[in-house]
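Protein chains in written order, with our numbering: chain A, 1396 to 1561; chain B, 0 to 191.
Laid out in structure tokens, this is it:
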């Protein structure tokens, strides 16, 4: 007869998007990590180890994305770990950061254009809509943070040779 | 309203910035290995293109045209786009640092994305009004995001398929992209 049924798999659990980060500091029970750059360049581990400093370098951008994790696993400086966030978190974060301000910007602009019909009035209305949208985004981001939906979670230590593209 | 709807459909589907105009192909091939990265990149690009379209129109209408400086448009628009990316980065960082940590990696990739400059040049050459230029930029970027997410979904499926070794990776990606472009040709003639 067919294969065994896996009773341990929880199909209702949210799937995780994984990424690799490096521990840069340990303070008491908390560890500071920076993510490895895993975008289009493909050279994630070498980019993260880049020693050049300065505004706009990959190194400075990775430093700006420093985050904290509770150090239950006894992580040490220099260790590479795999962290995960809820798969829907990127979508929710993108909607919060970009879609809400765009929606208010375009809504205000269309309203101003239909009422006043002037480019200057439409421009001013769009700026006001953008400011309103950014305020709404800030409120929603605060709620997502309070629910812990934006925080990455420690999954496991990265194995030798494991990269964010593998 | 009908002309705005036609403008949106034309910019997003009929004259899609990736599949019809072949702009922004670098990020199209590079950031579409996973759907979540494509979504993040698409939405960030949508915001930047919309904001920079507004700014480029204003710069063209109130600075370049009155003083007969159209020969400076490429350099000027590149500067405006870089400023728009920086503005977006600073704004996201200020609104919510955790959001910046999650999404900030996509923003530097947009500065050199030729789709942003291409959209700006297209809208000033078409002599659009301010609202038309904004809608054109928004619709072009929505079309860009749509194609990015579709292609990412296809590439995730391809990763699980039994591809011949010689075609694995970029070769099969380009073949699929060309088939997608052929499919989008079906929209041509819709708005004429």
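Think of the CB as a built atom: it goes at the ideal place given N, C-alpha and C, for glycine as much as any other residue.
The three-state secondary structure of residue 1422/A, taken from DSSP, is strand.
In the DSSP assignment, residue 76/B falls within the alpha helix (DSSP H) that extends over 72-94. Residue 127/B places its beta carbon 9 Å or farther from that of residue 137/B.
The three-state reading of DSSP puts residue 1416/A in strand, counting E and B together. Contact between residue 1496/A and residue 1537/A is absent: CB atoms are separated by about 15 Å, not below the 8 Å threshold. By the criterion of at least three beta-carbon pairs nearer than 8 Å, the stretch 26-37 of chain B is in contact with the stretch 149-165 of chain B. The C-alpha of residue 133/B lies about 46 Å from the C-alpha of residue 1425/A. Residues of chain B with a Cβ closer than 8 Å to the Cβ of residue 1486/A are, in chain order, 35 and 38.
With respect to residue 1488/A, residue 1503/A sits apart: the two C-beta atoms are not nearer than 9 Å. With contacts defined by Cβ atoms closer than 9 Å, residue 158/B and residue 17/B do not form a contacting pair. Straight-line spacing of the CA atoms in residue 1492/A and residue 1544/A works out to 14 Å.
Scanning 1552/A, 1485/A, 1526/A and 1511/A for the CA closest to the CA of residue 97/B turns up 1485/A. Scanning 103/B, 99/B, 0/B and 111/B for the CA closest to the CA of residue 27/B turns up 111/B. Counting C-beta atoms within 10 angstroms of its own C-beta, residue 83/B has 16 or more neighbours from the protein chains shown and is therefore classed as buried. Remark: C-beta atoms of residue 76/B and residue 106/B do not approach each other more closely than 9 Å. Sorting 33/B, 7/B, 45/B and 2/B by C-alpha distance to the C-alpha of residue 23/B places 45/B at the top.
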